[in-house]
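Mapping the sequence shown onto the working numbering, position 165 (from 1) lands on 173, and the numbers just tick up by one. Ideal placement from N, C-alpha and C gives every residue a C-beta, glycine not left out. For reference, the structure is listed below as structure tokens.
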Amino acid sequence: MKSAKVQKATFLEQINKTTIKAPFNGVVTAKLSEEGAFAAPGVPLLQITDITTLKFTVNVPEKDLSQFKLNQSYSLSADAYSEILLTGKTTMIGSKANMGSSFPIQLTVNNTSDLKIKSGMFGKVLLKNETSGKGIIIPSSAIQGTDNQPQVYVVKNGKALLQNITISKKTQNKAVVSNGLNEGDVIVTNGFINLFDEANVIVK
Numbered sequence: 009m010k011s012a013k014v015q016k017a018t019f020l021e022q023i024n025k026t027t028i029k030a031p032f033n034g035v036v037t038a039k040l041s042e043e044g045a046f047a048a049p050g051v052p053l054l055q056i057t058d059i060t061t062l063k064f065t066v067n068v069p070e071k072d073l074s075q076f077k078l079n080q081s082y083s084l085s086a087d088a089y090s091e092i093l094l095t096g097k098t099t100m101i102g103s104k105a106n107m108g109s110s111f112p113i114q115l116t117v118n119n120t121s122d123l124k125i126k127s128g129m130f131g132k133v134l135l136k137n138e139t140s141g142k143g144i145i146i147p148s149s150a151i152q153g154t155d156n157q158p159q160v161y162v163v164k165n166g167k168a169l170l171q172n173i174t175i176s177k178k179t180q181n182k183a184v185v186s187n188g189l190n191e192g193d194v195i196v197t198n199g200f201i202n203l204f205d206e207a208n209v210i211v212k
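Next up, the structure:
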């Protein structure tokens, strides 16, 4: 009788293990095994993704790092649904720059009720305290120097003079210069071969 009870308990335990339960609710995004295959310890059977709460990572240059604080909320949007405004809370600020000299910042975002935002989508953070002061828009092709010290060639009295500038924003192939240029300045936008500081130039 005792042996039969032990066998019964063993069989019931084995039967219970034929049903696999996930530790959280989600959507099956990958099937890694087929029906009839053996299930072994450490071998994944399914991939389940929970998109009710998402993690959004943005790479921020050093000059904008001060605009982000831990546990502070920011507005953001997904490129696929730009009309939907989401709120994300900063949960991690990177302590080391990546290869592009930017710092990763991670925000936790609650998805919409119908789970429109999917894992892997791209988006952007909308900074409320972003300054939108006046500036001069120039083509990005005119910018010389380095990322830390951008420069442009300004034509004055028939000479091309290297001028340090401050860039407040870049959009596609344009750049907004907040300091270093005045309205009416003539800058060089192409023909940089053999061009140097104080070189004689002819404006055409």
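Whole-angstrom distance between residue j and residue i, CA atom to CA atom
i    : j    : result
E42  : I125 : 29 Å
Q55  : K39  : 6 Å
K77  : I101 : 8 Å
Q157 : I173 : 7 Å
K142 : G192 : 15 Å
E21  : P112 : 46 Å
P52  : A45  : 12 Å
A150 : F204 : 14 Å
E138 : A30  : Low per-residue confidence applies at E138: pLDDT is 49, beneath 50, and the placement is therefore not dependable, though the value from the model is reported in the following sentence. Their backbone Cα atoms lie some 43 Å apart in a straight line.
T27  : N79  : 40 Å
F130 : N190 : 37 Å
V66  : I175 : 20 Å
V35  : T95  : 23 Å
A17  : K10  : 11 Å
Beta-carbon gap between residue i and residue j smaller than 8 Å
i    : j    : result
V194 : V160 : no
K178 : I145 : no
V14  : F64  : no
L134 : S90  : no
L123 : K97  : no
K58  : F32  : In the sequence as presented, Lys is not what sits at residue 58; that position holds Asp. Cβ atoms of D58 and F32: closer than 8 Å.
N198 : K167 : no
For residue i, three-class secondary structure by DSSP
i    : result
A86  : strand
E138 : Residue confidence for E138 is low, a pLDDT of 49 falling below 50, so the modelled location carries little weight and cannot support an answer.
I151 : coil
A12  : helix
L115 : strand
I175 : strand
T18  : helix
I23  : helix
M107 : coil
Q159 : strand
S186 : strand
N208 : strand
Integer-rounded CB distance, given that residue j should sit under 8 Å from residue i
i    : j    : result
E70  : S103 : With a Cβ gap of about 13 Å, E70 and S103 do not count as contacting.
S85  : L93  : 6 Å
T37  : N119 : About 15 Å; that fails the 8 Å criterion.
S127 : L62  : 7 Å
Residue i at chain D interface by Cβ criterion, 8 Å
i    : result
D205 : No chain D is present in this structure, which holds just one protein chain.
I'd like the ranges of any alpha helix (DSSP H) spanning at least 4 consecutive residues and lying wholly in the segment 27 to 82.
none
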